[in-house]
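Residue numbers for the sequence shown follow the numbering used here, beginning at 17 and rising by one.
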Amino acid sequence: MADTSLTDPDTPAADRLAIRPLASCLAAEWHGLRADLLPQEDPAVAAATLKRLVSQNGSDAAMLVLRGYRPVGLACYRITRGRDALDSVFEVTEWLFRPEASGTGAGAHLIGFLYMAAEAQGAPLVYWPSAVTGFRPAADATGPDRKAA
17 MADTSLTDPD TPAADRLAIR PLASCLAAEW HGLRADLLPQ EDPAVAAATL
67 KRLVSQNGSD AAMLVLRGYR PVGLACYRIT RGRDALDSVF EVTEWLFRPE
117 ASGTGAGAHL IGFLYMAAEA QGAPLVYWPS AVTGFRPAAD ATGPDRKAA
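Right, here's the structure in full:
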């Protein structure tokens with residue numbers, strides 16, 4: 017999935033939202049976000065997680081949400097292939113946002129992109145962490161091709 021700008025081109029650069037697939041060129045942004053949101057995480061664990069997420073031969077991946085040039089959120093996910101297309105599962109394994117991202121539409125847009133990624137991978141089922149529910153209506157209402165309310 018390509019880099020995607022989510023806001024009107026007239027929006028000031030510092031406020032523009034974009035979603036990018038995690039790649040090694042975004043390692044510094046990813047590490048900074050995780051260090052701020054998960055200060056207890058061992059740096060060696062973070063480095064191993066990043067390596068796994070940017071690997072082209074694995075089933076794990078992640079997306080970063082940028083506001084301007086600053087990362088404000090991320091979602092990590094895993095695709096588990098079944099025997100046929102209906103058995104494939106797209107599982108969101110981690111969902112982290114900075115408090116200042118609240119109310120910007122960043123979460124709703126990321127939800128929409130996660131559902132699009134699942135569909136593109138042929139995974140009809142999307143599982144979220146057990147404490148997170150109700151995302152499909154938000155994705156339908158404010159997906160990447162719609163304006164947030």
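In this text, a Cβ means the ideal position worked out from N, Cα and C, and glycines have one as well.
Contact between the segment 53-60 and the segment 25-39 is defined here as three or more beta-carbon pairs at a separation below 8 Å; is this criterion met? Note that the segment 53-60 does not touch the segment 25-39; fewer than 3 beta-carbon pairs, one per stretch, sit closer than 8 Å.
For the alpha helix (DSSP H) that P87 lies in, which residues bound it at each end? Here P87 belongs to no alpha helix (DSSP H); instead the beta strand (DSSP E) covers R86 to T96.
Can you tell me where the beta strand (DSSP E) with E135 in it begins and where it stops? It is not in any beta strand (DSSP E) - E135 instead sits in the alpha helix (DSSP H) that spans A122 to A136.
Compute the minimum distance between the beta carbon of G121 and the heavy atoms of the ligand PLP, and state whether it is under 6 Å. The ligand PLP is absent from the structure shown, which contains no ligands of any kind.
Taking the Cβ atom as the reference point for each residue, do L69 and A63 lie within a distance shorter than 7 Å? No; because the gap between Cβ atoms is not below 7 Å, this pair is not in contact.
As assigned by DSSP and simplified to three states, the class of R114: Correct three-state label for R114: coil.
Would you kindly report the start and end of the unbroken beta strand (DSSP E) that includes L80? From DSSP, the beta strand (DSSP E) with L80 extends over D76 to R83.
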